[in-house]
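Colleague: In this note's numbering, the protein residues as written are 47 to 240.
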Amino acid sequence: LVKLISENGRRKRMIVCIDCGHGLSTKGKQCLDGTKEWVLNSRIGDMVETALTERGITVVRSDDRTGKTDVPLSTRVKKANEVSDYFISIHHNAGIKGGHGGGIVVFWYSSKPERERQARALYNRAVDITGLRGNRSTPVVKKSFYVLRKTKCPALLIECGFMDSVRDLPIIKTEEFAMGIAQAITEFVLNDIK
47 LVKLISENGR RKRMIVCIDC GHGLSTKGKQ CLDGTKEWVL NSRIGDMVET
97 ALTERGITVV RSDDRTGKTD VPLSTRVKKA NEVSDYFISI HHNAGIKGGH
147 GGGIVVFWYS SKPERERQAR ALYNRAVDIT GLRGNRSTPV VKKSFYVLRK
197 TKCPALLIEC GFMDSVRDLP IIKTEEFAMG IAQAITEFVL NDIK
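1) According to DSSP, histidine 137 sits in a beta bridge with which residue or residues?
2) Does the segment 187-201 touch the segment 124-140, meaning 3 or more C-beta pairs lie closer than 8 angstroms?
3) Counting along the chain, where does the alpha helix (DSSP H) carrying lysine 124 start and finish?
4) Does aspartate 116 come out as helix, strand or coil in the three-state DSSP assignment?
5) Is the CB-CB distance between valine 151 and proline 185 below 8 angstroms?
6) Within its chain, find whatever has a CB closer than 8 angstroms to the CB of glutamate 53; leave out the 5 residues flanking it on each side and keep chain order.
7) Give a yes or no on whether the C-beta atoms belonging to phenylalanine 191 and tyrosine 169 are separated by under 8 angstroms.
8) Pull up the CB-CB distance for serine 130 and valine 94, whole angstroms please, since I reckon it's below 8 angstroms.
9) For lysine 125 and valine 193, what's the separation of their Cα atoms in angstroms?
10) Pull up the CB-CB distance for alanine 224 and isoleucine 90, whole angstroms please, since I reckon it's below 8 angstroms.
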């Protein structure tokens with residue numbers, strides 16, 4: 047399953063950079079019940095890292111694994127550009143303000159039509175597994191986020207439900223949901239790099 051990439055006549059294994067957004071002390075990045083976004087992001091990132099590593103893919107993390115430091119975006123992108131062939135940024139959204147909306151959203155940014163196809167594939171797999179369909183008018187969005195715009199390799203950012211949605215919160219805090227998102231990201235990467 048591992049795609050081998052030619053590099054100066056030699057071949058190497060695919061390297062995927064997992065980016066778990068924010069840090070424990072990042073202001074405003076928390077659920078209605080006070081759970082920090084980084085806790086949810088890192089739980090999924092750890093699961094993806096384990097699953098991809100077990101399948102022979104090298105994984106690097108661009109975030110601080112302890113959550114104590116909110117690694118600057120430029121540092122995250124620099125690390126991805128130095129070592130990675132693929133970049134997946136894991137987040138949880140906000141903006142519902144105690145309402146019932148929400149769902150999964152996947153962001154992409156590129157002049158290549160391939161990136162939108164990849165974003166849709168990741169979104170569809172995440173929804174198929176978790177059932178948490180985005181109710182936004184466009185749940186797959188082209189957006190000029192720094193980590194998407196500045197990363198040289200294929201890059202996607204997934205928002206795994208809304209932390210301030212009374213509908214999403216009980217779902218996104220479960221281990222089952224985290225495992226589902228991790229499975230979706232893992233399957234997406236494995237299928238996309240064949």
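Glycine included, every Cβ here is placed at the ideal spot set by N, Cα and C.
Modeller: Taking the definition as stated:
1) Position 91 of the sequence shown, counting from 1, holds the residue named residue 137. Under the DSSP definition of a beta bridge, histidine 137 partners with Glu205.
2) The answer is yes - the segment 187-201 touches the segment 124-140, with three or more Cβ pairs under 8 angstroms.
3) Counting from one through the sequence shown, the residue named residue 124 turns up at place 78. Boundaries of the alpha helix (DSSP H) harbouring lysine 124: 119-129, taken from the DSSP string.
4) Position 70 of the sequence shown, counting from 1, holds the residue named residue 116. In this structure, aspartate 116 counts as coil in the three-state DSSP scheme.
5) The residue labelled residue 151 in the question sits at position 105 within the sequence shown. The residue labelled residue 185 in the question sits at position 139 within the sequence shown. Contact flag set, yes.
6) By 1-based counting over the sequence shown, the position of residue 53 is 7. Any answer about glutamate 53 is weak, because its pLDDT of 45 lies below 50 and its placement is not dependable; what the coordinates show is given next. Result list for glutamate 53: empty, nothing under 8 angstroms.
7) Working through the sequence shown from its first residue, we reach residue 191 at position 145. Working through the sequence shown from its first residue, we reach residue 169 at position 123. Against a cut-off of 8 angstroms, the Cβ pair of tyrosine 169 and phenylalanine 191 comes out as no contact.
8) On the sequence shown, position 84 is the one that residue 130 refers to. On the sequence shown, position 48 is the one that residue 94 refers to. By a beta-carbon distance limit of 8 angstroms, serine 130 does not contact valine 94. Their separation comes to about 14 angstroms.
9) Taking the sequence shown and counting its residues from 1, the one referred to as residue 125 is at position 79. Taking the sequence shown and counting its residues from 1, the one referred to as residue 193 is at position 147. Their backbone Cα atoms lie some 11 angstroms apart in a straight line.
10) Counting from 1 along the sequence shown, the entry for residue 224 is found at position 178. Counting from 1 along the sequence shown, the entry for residue 90 is found at position 44. The pair is a contact, with the Cβ atoms about 5 angstroms apart (cut-off 8 angstroms).
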